[in-house]
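Line by line, the protein sequences are chains A and B. FYI, the numbering for the first sequence is 21 to 316, going by the working numbering. FYI, the numbering for the second sequence is 21 to 316, going by the working numbering. These notes are about the structure you will find just below.
Number of protein chains: 2
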Amino acid sequence: MITKLVVIGVGLIGGSFALALKRAGAVGRVVGVGRSRANLDEALALGVIDEASQDAAGAVRDADLVLLAMPVGQMGTVMATIAPHLPAHCLVTDAGSTKSDVAALARRHLASHLTHVVPGHPIAGAEQSGARAARAELFNGRCTVLTPLSENSVEAIQQATDLWRTCGAEVLSMDAADHDRVFAAVSHLPHLLAFALVDEVASRSNAAELFSFAASGFRDFTRIAGSSPEMWRDICLANRPALLDELDAYRARLDALRTALDAADAGALHHAFERASHARNGWTASLNRHAEDSPE
Amino acid sequence: MITKLVVIGVGLIGGSFALALKRAGAVGRVVGVGRSRANLDEALALGVIDEASQDAAGAVRDADLVLLAMPVGQMGTVMATIAPHLPAHCLVTDAGSTKSDVAALARRHLASHLTHVVPGHPIAGAEQSGARAARAELFNGRCTVLTPLSENSVEAIQQATDLWRTCGAEVLSMDAADHDRVFAAVSHLPHLLAFALVDEVASRSNAAELFSFAASGFRDFTRIAGSSPEMWRDICLANRPALLDELDAYRARLDALRTALDAADAGALHHAFERASHARNGWTASLNRHAEDSPE
Numbered sequence: 021m022i023t024k025l026v027v028i029g030v031g032l033i034g035g036s037f038a039l040a041l042k043r044a045g046a047v048g049r050v051v052g053v054g055r056s057r058a059n060l061d062e063a064l065a066l067g068v069i070d071e072a073s074q075d076a077a078g079a080v081r082d083a084d085l086v087l088l089a090m091p092v093g094q095m096g097t098v099m100a101t102i103a104p105h106l107p108a109h110c111l112v113t114d115a116g117s118t119k120s121d122v123a124a125l126a127r128r129h130l131a132s133h134l135t136h137v138v139p140g141h142p143i144a145g146a147e148q149s150g151a152r153a154a155r156a157e158l159f160n161g162r163c164t165v166l167t168p169l170s171e172n173s174v175e176a177i178q179q180a181t182d183l184w185r186t187c188g189a190e191v192l193s194m195d196a197a198d199h200d201r202v203f204a205a206v207s208h209l210p211h212l213l214a215f216a217l218v219d220e221v222a223s224r225s226n227a228a229e230l231f232s233f234a235a236s237g238f239r240d241f242t243r244i245a246g247s248s249p250e251m252w253r254d255i256c257l258a259n260r261p262a263l264l265d266e267l268d269a270y271r272a273r274l275d276a277l278r279t280a281l282d283a284a285d286a287g288a289l290h291h292a293f294e295r296a297s298h299a300r301n302g303w304t305a306s307l308n309r310h311a312e313d314s315p316e
Numbered sequence: 021m022i023t024k025l026v027v028i029g030v031g032l033i034g035g036s037f038a039l040a041l042k043r044a045g046a047v048g049r050v051v052g053v054g055r056s057r058a059n060l061d062e063a064l065a066l067g068v069i070d071e072a073s074q075d076a077a078g079a080v081r082d083a084d085l086v087l088l089a090m091p092v093g094q095m096g097t098v099m100a101t102i103a104p105h106l107p108a109h110c111l112v113t114d115a116g117s118t119k120s121d122v123a124a125l126a127r128r129h130l131a132s133h134l135t136h137v138v139p140g141h142p143i144a145g146a147e148q149s150g151a152r153a154a155r156a157e158l159f160n161g162r163c164t165v166l167t168p169l170s171e172n173s174v175e176a177i178q179q180a181t182d183l184w185r186t187c188g189a190e191v192l193s194m195d196a197a198d199h200d201r202v203f204a205a206v207s208h209l210p211h212l213l214a215f216a217l218v219d220e221v222a223s224r225s226n227a228a229e230l231f232s233f234a235a236s237g238f239r240d241f242t243r244i245a246g247s248s249p250e251m252w253r254d255i256c257l258a259n260r261p262a263l264l265d266e267l268d269a270y271r272a273r274l275d276a277l278r279t280a281l282d283a284a285d286a287g288a289l290h291h292a293f294e295r296a297s298h299a300r301n302g303w304t305a306s307l308n309r310h311a312e313d314s315p316e
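Have a look at this one:
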């Protein structure tokens, strides 16, 4: 039982974490910390948090658990602020989409607390944000990846695992660098590509006409381009080396398609599209089989 | 009233066109022509067509209306096959995703029938295919773009417009080259980009791991990569010049983002993401407003 949970950054993820632990009766009091007073007031009104604070240092002083759920770009500053005030037994975890940088920041700013800092990444993004978007079921059947530090105590890792399971998530453990490479490929790069496409279309003098003819394919392809610019700027910067590698691999693949298209090479285009279509439909089929197997 | 409609290519679009006109009581007999006997049998069993044929030339001999709804790559061959057998009054329209090529093919293969060949593009794609996917409501509230030929009679254009309206579609008229540039940007390029991403991910030695961590963002971004490889190969080849232009503009945009990322230029990344997010969310909001205004 967590007597006091402090959530720093009461958005979709932080708010849903609080609601999920409350629903399970696993937490006593929840204090929300954030930059936006309006968002904290909304979180209070919605019962996502029990108390609002704009003083992270004061809030963590008697906390049992701290979730860092603000944009990755604020992670270092917040860690430095809370470091001198963390009780020795307090578990610190985070919800950042990149993990090597969080590990590095923790080693820099929370050096004396590393046994109890277990980085994590709940795979439950959505383009909505703010406390209003939070819901207790968000993590049900989703995966949370933990990337434990070598300095972590076994007990802290177990406690973090149990907490995310209590939220409804399946918990996996990975090396931070592996995590960052995987998510550069399947999450960060697609976001960059979608932002680039919408930015390009919106820059045209006939943008209104173009958007008026955009249909469901464009809508789904660009859904992630509606995501928070600040959050994704921070993620891209935090995962820069892996994302640059992915971007270069993708550009090479695109260049090969361009060469095939320019040469009107029907076979090469067909093979590439067929490989992709086969892989995409196989993946979807496996997702559906998994959905049939699981309660949700 | 159309006494005999011949649909060549009884897939999602061709089948739905037949069902929509049947629902409206605007058509007598529907003959479906296609390469796959199994698909034609299914179309018959589902009542999408009244008669199946694998002889396009014979089928059009007493037709009042012919819809060409097979992959764009077969357009020329089919036009050449039916040309000597079309009754003078028979309206020919098509459902191809590219229009300059259809106009050129019509001028080549249907030269003596050009008053009655009105190219069209119903904006109602979906990744499903085959007669089984057809439904009478597919075009409700969707847009069909007609790209009339200068040779068309006013009556033929009016008849094509009326027919697509009867199917439930809003009908717009555009120049074929403009059409192809618009759809290269908002449809063909996104398909190419999605195919490239899935092909790249699937080519990795750890593809299974990558797919296992792919979440809803990846799912929506890549939905269109599950589309028919044959259809999209044909579309890309048919719209090659416009698609190459769009691809080059996109690569330049992506190169600029790579430069910003490589330089850790937070401001440039943020501005690009913000422009895209603003445009994307503005577009979605306008779609929602439009949805509230319209019956569907």
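For every residue, glycine included, the Cβ atom is placed at its ideal position computed from N, Cα and C. Computed from a predicted model, the values in this text were never measured in an experiment.
| Asked | Found |
| --- | --- |
| If you reduce the DSSP assignment to three classes, tell me which class C3 of chain A lands in. | Limits of chain A in this structure are 21 at one end and 316 at the other, which puts residue 3 of chain A out of reach. |
| Interface residues of chain B around W252 of chain A at Cβ under 7 Å? | F293 |
| Would DSSP call H141 of chain A helix, strand or coil? | strand |
| Just by C-beta distance, which residues in the segment 194-209 of chain B are closer than 8 Å to chain A? | V202, F203, A205, V206, S207, L209 |
| Which residue or residues does DSSP assign as beta-bridge partners of D121 of chain B? | Partner(s): none; D121 of chain B has no beta bridge. |
| Look up D244 of chain A in the DSSP assignment and say whether it is helix, strand or coil. | The amino acid occupying residue 244 of chain A in the given sequence is Ile; Asp does not appear at that position. Three-state result, I244 of chain A: helix. |
| If I'm right that H129 of chain A touches A103 of chain A with Cβ under 8 Å, what's the distance once you round it to whole angstroms? | 6 Å |
| Thinking P139 of chain A and K119 of chain A are a contact (beta carbons under 8 Å), I'd like their distance in whole angstroms, please. | 5 Å |
| Hey, how far is the Cα of A126 of chain A from the Cα of H199 of chain A? | 17 Å |
| Can a CB atom of chain B be found closer than 8 Å to the CB of G188 of chain A? | no |
| Figure out for me which residue from B:F37, B:V30, B:F233, B:W184 has the closest Cα to the Cα of S56 of chain B. | B:V30 |
| Should G116 of chain B and V92 of chain B be called a contact, given that it needs their Cβ atoms to be closer than 8 Å? | yes |
| Would you say W303 of chain A reaches chain B, if we count a Cβ-Cβ gap shorter than 8 Å as a contact? | yes |
| Do we get a CB-CB distance below 8 Å when we pair C256 of chain A with the residues of chain C? | Of the protein chains in the structure, A and B, none is chain C. |
| Taking only the alpha-carbon atoms, compute the straight-line gap between T328 of chain A and G67 of chain B and give it to the nearest angstrom. | Nothing can be reported for residue 328 of chain A, as the shown portion of chain A is limited to 21 through 316. |
| I need the DSSP call for G52 of chain A, collapsed to helix, strand or coil. | strand |
| Report the neighbours of I143 of chain A on chain B: residues whose CB is nearer than 8 Å to its CB, in chain order. | F233, A235 |
| Taking the beta carbon of V174 of chain B as the centre, do at least 16 other beta carbons fall within 10 Å, making it buried, or is it exposed? | exposed |
| Starting from L66 of chain A, trace the beta strand (DSSP E) both ways and give me its first and last residue. | L66 of chain A -> no beta strand (DSSP E), and no H or E assigned at all. |
| Are the CB atoms of L289 of chain A and R271 of chain B within a distance shorter than 8 Å? | no |
| For D313 of chain A and H136 of chain A, I'd like the C-alpha separation in whole angstroms. | Confidence is the limiting factor: at D313 of chain A the pLDDT is only 48, short of 50, which leaves the residue's position unreliable, though a coordinate-based value still follows. Going by the C-alpha atoms only, they are around 35 Å apart. |
| Among A:H208, A:T279, A:A235, which residue has its Cα nearest to the Cα of P249 of chain A? | A:H208 |
| For S132 of chain B, does the count of other Cβ atoms within 10 angstroms reach 16, so buried, or fall short, so exposed? | exposed |
| Taking Cβ positions, are H211 of chain B and I244 of chain B nearer each other than 8 Å? | yes |
| Look at C204 of chain A and A262 of chain A and say whether their C-beta atoms are less than 8 Å apart. | In the sequence as presented, Cys is not what sits at residue 204 of chain A; that position holds Ala. Yes, Cβ-Cβ distance for A204 of chain A and A262 of chain A is below 8 Å. |
| Please confirm whether L166 of chain B has its beta-carbon closer than 8 Å to some beta-carbon of chain A. | no |
| If you run the structure through DSSP and keep just helix, strand and coil, what is L158 of chain A? | coil |
| Give a yes or no on whether 8 Å exceeds the smallest Cβ distance from H290 of chain B to chain A. | yes |
| Starting from the beta carbon of A299 of chain B, find every residue of chain A whose beta carbon is closer than 7 Å, and list them in chain order. | V218, A222 |
| Tell me, please, whether the segment 218-230 of chain A touches the segment 213-221 of chain B by the rule of three or more beta-carbon pairs shorter than 8 Å. | no |
| Using a Cβ-Cβ cutoff of less than 7 Å, which residues in the same chain neighbour R201 of chain B once the five nearest sequence positions on both sides are dropped? | A262 |
| The alpha helix (DSSP H) spanning T181 of chain A covers which residue range? | 174-186 |
| Under the DSSP definition of a beta bridge, which residues are partnered with I22 of chain B? | B:V47 |
| Can you list, in chain order, the residues of its chain whose CB lies under 7 Å from that of M90 of chain B, leaving out five sequence neighbours each side? | I28, G29, V98 |
| According to DSSP, is T279 of chain A helix, strand or coil? | helix |
| With respect to the beta strand (DSSP E) encompassing E171 of chain A, which residues constitute its N-terminal and C-terminal limits? | Neither: E171 of chain A is in no beta strand (DSSP E) and is coded neither H nor E. |
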